[in-house]
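Colleague:
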Amino acid sequence: MGQDKELFMREKIISHLKSSKKTTVKLNELQGLFSGDVSYNEFTHVIQSLEQKGLLKPVKSHNTNNKKIPLYNTYRINKLAFKDQLVDDIQKFKLSSHPLIDLSYYFSSSESQWQKDLPFIKLVDNYLRYSGVPHKEASAAERSYQITGDEKWIDFKGGKSLLNRIAVYDKLRIAYNADPLMVAVNPKNFTSPYIHLIVENKATFYDFQHFMEESFLTSLIYGSGWKIIGNINLLQKQLSLPDKGHRFYYFGDLDWEGLSIWSGVFEKQKVLPAAGFYQMLLTKPATSGKKNQKRNKEALEKFTKHFNENEAEKIKKLLAGGYYYPQEGLGRDEIAKVMEEMQWI
Numbered sequence: 001m002g003q004d005k006e007l008f009m010r011e012k013i014i015s016h017l018k019s020s021k022k023t024t025v026k027l028n029e030l031q032g033l034f035s036g037d038v039s040y041n042e043f044t045h046v047i048q049s050l051e052q053k054g055l056l057k058p059v060k061s062h063n064t065n066n067k068k069i070p071l072y073n074t075y076r077i078n079k080l081a082f083k084d085q086l087v088d089d090i091q092k093f094k095l096s097s098h099p100l101i102d103l104s105y106y107f108s109s110s111e112s113q114w115q116k117d118l119p120f121i122k123l124v125d126n127y128l129r130y131s132g133v134p135h136k137e138a139s140a141a142e143r144s145y146q147i148t149g150d151e152k153w154i155d156f157k158g159g160k161s162l163l164n165r166i167a168v169y170d171k172l173r174i175a176y177n178a179d180p181l182m183v184a185v186n187p188k189n190f191t192s193p194y195i196h197l198i199v200e201n202k203a204t205f206y207d208f209q210h211f212m213e214e215s216f217l218t219s220l221i222y223g224s225g226w227k228i229i230g231n232i233n234l235l236q237k238q239l240s241l242p243d244k245g246h247r248f249y250y251f252g253d254l255d256w257e258g259l260s261i262w263s264g265v266f267e268k269q270k271v272l273p274a275a276g277f278y279q280m281l282l283t284k285p286a287t288s289g290k291k292n293q294k295r296n297k298e299a300l301e302k303f304t305k306h307f308n309e310n311e312a313e314k315i316k317k318l319l320a321g322g323y324y325y326p327q328e329g330l331g332r333d334e335i336a337k338v339m340e341e342m343q344w345i
């Protein structure tokens, strides 16, 4: 029997034993895990090796199967041996992980919980090792993206619970008190539908402000990167506007992080990409760089649905190749042209 086959059989049996809630297992139950391509001799070899390791202990009162190479009809599962292995695995990881990560919870938890959490614990460990303990506050969405590449992980995918389990949540400076929005308004357009444009960066915000008076916009909002996800819901209250009749658009950097920010805002307010500005960017040469940004393929798929097939394909290719477009790539003349055409509304 080849080593790969033996390893496969042993791991399959061990997985079955670990998941079993019983303290004993029948021989025919273990044989039933494999199809006819496993011979009795191969099966016997693996069972005997598990006996030698102390993972299976024969129940001798249940007798053997009377084969030429006999196996017992029933085995007792040594649950303690599995627990010892789990403890060893946790201890080994603890020795090499960031000192702030507390794994105490997992010593009394199940192996399935450890295996489920481990990939995310590794991401947290990687973040703390290379970025250090953060000194500045950030929204849950921004911190989620920094750690996992998924802006929804902390608030919506169990991240907060895991961070509490390993005792680092309070050390990550996650802010839930939103700052007020920085907004420019056009009083002439305080009628429904209220059109709001969010721009990611401050320089672009000031460029757009030059065209507010003659525009169709009710408000121009400075997104300030990730902060917009936490404070977008303040807009109606800040402007004393009704809750209904609002249309939101977003224009940010055309890179992986920019898409993740847009995706996070979209979850809050169904903010659409301001397609006309992105389409204008796509007519220009892309910039190389930002190759280390975390790739959010879910956000990319959602974003590109708002563009035609050729545009969507171009966006996907340039991001996959490590290229991007800063929103500052548009000059004031180009901003004015897109604003006048209004085809993206």
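Per UniProt numbering, the very first residue in the sequence shown carries number 1; after that it's consecutive.
Every residue gets a Cβ at the ideal spot worked out from N, C-alpha and C, and that includes glycine.
Who are the Cβ neighbours of L56 in its own chain at under 6 Å, not counting the five residues just before and after it?
Modeller: Translated into positions along the sequence shown, residue 56 becomes position 56. Closer than 6 Å at the Cβ level, and outside the excluded window around L56, lie L50, Y75.
Colleague: Does the region 147–154 come within contact of the region 96–104, defined as at least 3 CB pairs closer than 8 Å?
Modeller: no
Colleague: Please list, in chain order, all residues of the same chain as V46 whose beta carbon is under 7 Å from its beta carbon, the five residues on each side excluded.
Modeller: Your numbering for residue 46 matches position 46 in the sequence shown. So the list reads E6, M9, R10, I13, once near-sequence residues are dropped.
Colleague: What residue does the alpha helix (DSSP H) around P134 start on, and which one ends it?
Modeller: If you number the sequence shown from 1, residue 134 lands on position 134. Where P134 is concerned, there is no enclosing alpha helix (DSSP H), given that its DSSP letter is neither H nor E.
Colleague: Alpha carbon to alpha carbon, what distance is there between L27 and K116?
Modeller: Counting from one through the sequence shown, the residue named residue 116 turns up at place 116. Counting from one through the sequence shown, the residue named residue 27 turns up at place 27. Rounded to the nearest angstrom, the two C-alpha atoms are 29 Å apart.
Colleague: Taking a contact to mean a Cβ-Cβ separation below 8 Å, would you say S312 touches I229 in this structure?
Modeller: The count along the sequence shown starts at 1 and reaches residue 312 at position 312. The count along the sequence shown starts at 1 and reaches residue 229 at position 229. Per the sequence shown, residue 312 should be read as Ala rather than Ser. No, Cβ-Cβ distance for A312 and I229 is not below 8 Å.
Colleague: Any chance you could list the alpha helix (DSSP H) runs of at least 4 consecutive residues sitting entirely within the region 237–269, in chain order?
Modeller: 256–269
Colleague: Out of K302, Y278, K305, E334, which one is the CA nearest neighbour of Y324?
Modeller: Within the sequence shown, numbered from 1, the residue matching residue 324 stands at position 324. Closest by alpha carbon: Y278.
Colleague: Report the rounded CA-to-CA distance for F156 versus V124, giving the unit in angstroms.
Modeller: Position 156 of the sequence shown, counted from the start, is the residue given in the question as residue 156. Position 124 of the sequence shown, counted from the start, is the residue given in the question as residue 124. Going by the C-alpha atoms only, they are around 17 Å apart.
Colleague: Excluding five sequence neighbours on each side, which residues of the same chain lie with their C-beta closer than 7 Å to the C-beta of S288?
Modeller: Looking up residue 288 in the sequence shown gives position 288. Around S288: G322, Y323.
Colleague: Verify whether the separation of the beta carbon atoms of G252 and E213 is less than 8 Å.
Modeller: Here residue 252 refers to the residue found at position 252 of the sequence shown. Here residue 213 refers to the residue found at position 213 of the sequence shown. Against a cut-off of 8 Å, the Cβ pair of E213 and G252 comes out as no contact.
Colleague: Could you please give me the residues that DSSP links to S288 through a beta bridge?
Modeller: Within the sequence shown, numbered from 1, the residue matching residue 288 stands at position 288. Per DSSP, Y323.
Colleague: Once the 5 residues before and after E334 are set aside, which same chain residues still bring their CB inside 7 Å of it?
Modeller: By one-based count along the sequence shown, residue 334 stands at place 334. For E334, where only same-chain residues beyond five positions count, the Cβ hits under 7 Å are M280.
Colleague: Taking the alpha-carbon of N186 as reference, which of K22, L197, D179, G276 has the nearest alpha-carbon?
Modeller: Sequence index remark: in the sequence shown, residue 186 carries index 186 (1-based). Nearest of K22, L197, D179, G276 to N186, Cα basis: L197.
Colleague: Between I14 and the ligand FMN, is the CB less than 7 Å from at least one heavy atom?
Modeller: What this structure holds is no ligand at all, so the ligand FMN is not there to describe.
Colleague: To which residues does DSSP link H210 through a beta bridge?
Modeller: As a working note, residue 210 is residue 210 in the sequence shown. DSSP lists no partner for H210.
Colleague: Please classify residue 366: is it buried, with 16 or more other beta-carbons within 10 angstroms of its beta-carbon, or exposed?
Modeller: Outside the shown range of the chain, which is 1 to 345, sits residue 366, and nothing can be said about it.
Colleague: Less than 7 Å between C-beta atoms, sequence neighbours within five positions excluded: which residues of the same chain meet that for T304?
Modeller: Looking up residue 304 in the sequence shown gives position 304. Only A312, I315, K316 meet the Cβ criterion.
Colleague: Need the endpoints of the alpha helix (DSSP H) that K79 sits in, please.
Modeller: Taking the sequence shown and counting its residues from 1, the one referred to as residue 79 is at position 79. Looking at the DSSP string, the run of the alpha helix (DSSP H) that includes K79 is 79–96.
Colleague: Check whether the Cβ atoms of V265 and Y249 sit closer than 8 Å, and answer yes or no.
Modeller: Residue numbering aside, residue 265 sits at position 265 when the sequence shown is read from its first letter. Residue numbering aside, residue 249 sits at position 249 when the sequence shown is read from its first letter. No; because the gap between Cβ atoms is not below 8 Å, this pair is not in contact.
Colleague: Locate the beta strand (DSSP E) running through L217, then write down its first and last residues.
Modeller: In the sequence shown, the residue the question calls residue 217 occupies position 217. From DSSP, L217 is part of no beta strand (DSSP E); its letter is neither H nor E.
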